[in-house]
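Residue numbers (the UniProt record's numbering): 1 to 180.
Positions of the beta carbon are idealized from the N, C-alpha and C atoms, including for glycine.
Data block below; observations after.
Written out as structure tokens, the structure reads:
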């Protein structure tokens with residue numbers, strides 16, 4: 001094998017992408033224990049600062065996408081996972097989930113810690129998990145809910161403010177009667 005590739009043209013190697021992302025030319029592994037300038041910290045559940053000793057990857061070049069590309073990737077993966085065994089979920093239900101995950105322009109986890117900690121009304125928060133706890137907390141603090149979202153209105157059996165229901169039609173009767 002070495003003889004077959006040993007005397008080959010070295011320029012060919014520079015232009016060849018065997019597997020991966022072409023915009024990233026090289027990847028380095030970094031051990032934060034050895035390089036203190038690369039140390040990452042986090043605040044744990046007790047409020048204490050601790051270091052993260054996981055190995056990290058640094059790259060020459062990037063291939064970053066915007067949040068719309070992330071949303072599309074989530075959509076593709078979720079559809080693959082759900083349709084794997086022949087299951088079906090209506091796209092509109094999943095689209096609401098994708099929108100919630102990416103609405104803040106970063107990827108938000110779909111757990112009670114992600115959705116219920118958003119800056120939304122109590123009806124939206126209670127539509128996910130911990131319904132009674134969320135509503136009791138909202139009542140104790142006299143929270144106001146403007147019911148502008150889709151989930152809130154569906155939960156209460158009201159029309160949502162989307163499509164043709166998103167505006168009110170005002171009719172000037174005098175102008176209509178004077179056109180005769």
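Can you list, in chain order, the residues of its chain whose CB lies under 8 Å from that of residue 106, leaving out five sequence neighbours each side?
67
Quick check: the Cα distance between residue 120 and residue 73, rounded to an integer number of angstroms?
25 Å
Checking 8 Å against the spacing of the C-beta atoms, do residue 71 and residue 102 come in under that value?
yes
Residue 22 (DSSP reduced to helix, strand or coil):
coil
Starting from residue 57, trace the beta strand (DSSP E) in both directions and tell me its first and last residue.
56-60
Counting pairs of beta carbons, one from the region 25-33 and one from the region 48-59, are three or more of them closer than 8 Å?
yes
Using CA atoms only, rank isn't needed, just tell me which of 127, 88, 79, 132 is closest to residue 147.
127
Determine, using beta carbons only, whether residue 38 and residue 53 come nearer to each other than 8 Å.
no
Sequence-distant residues of its chain with Cβ nearer than 8 Å to residue 1 (five each side left out):
Legend: pLDDT at residue 1 = 43, less than 50; position of this residue unreliable, no value from coordinates given.
For a quick check, are the C-beta atoms of residue 94 and residue 78 less than 8 Å apart?
yes
Simplified DSSP assignment, three categories, for residue 162:
coil
How would you label residue 124, buried or exposed, when you count the other beta carbons within 10 angstroms and need 16 or more for buried?
buried
To the nearest angstrom, how far is the alpha carbon of residue 55 from that of residue 114?
26 Å
Between the CA atoms of residue 133 and residue 145 - distance to the nearest angstrom:
16 Å
What did DSSP end up calling residue 123 once you bin it into helix, strand or coil?
helix
Tell me the rounded alpha-carbon separation between residue 156 and residue 149.
11 Å
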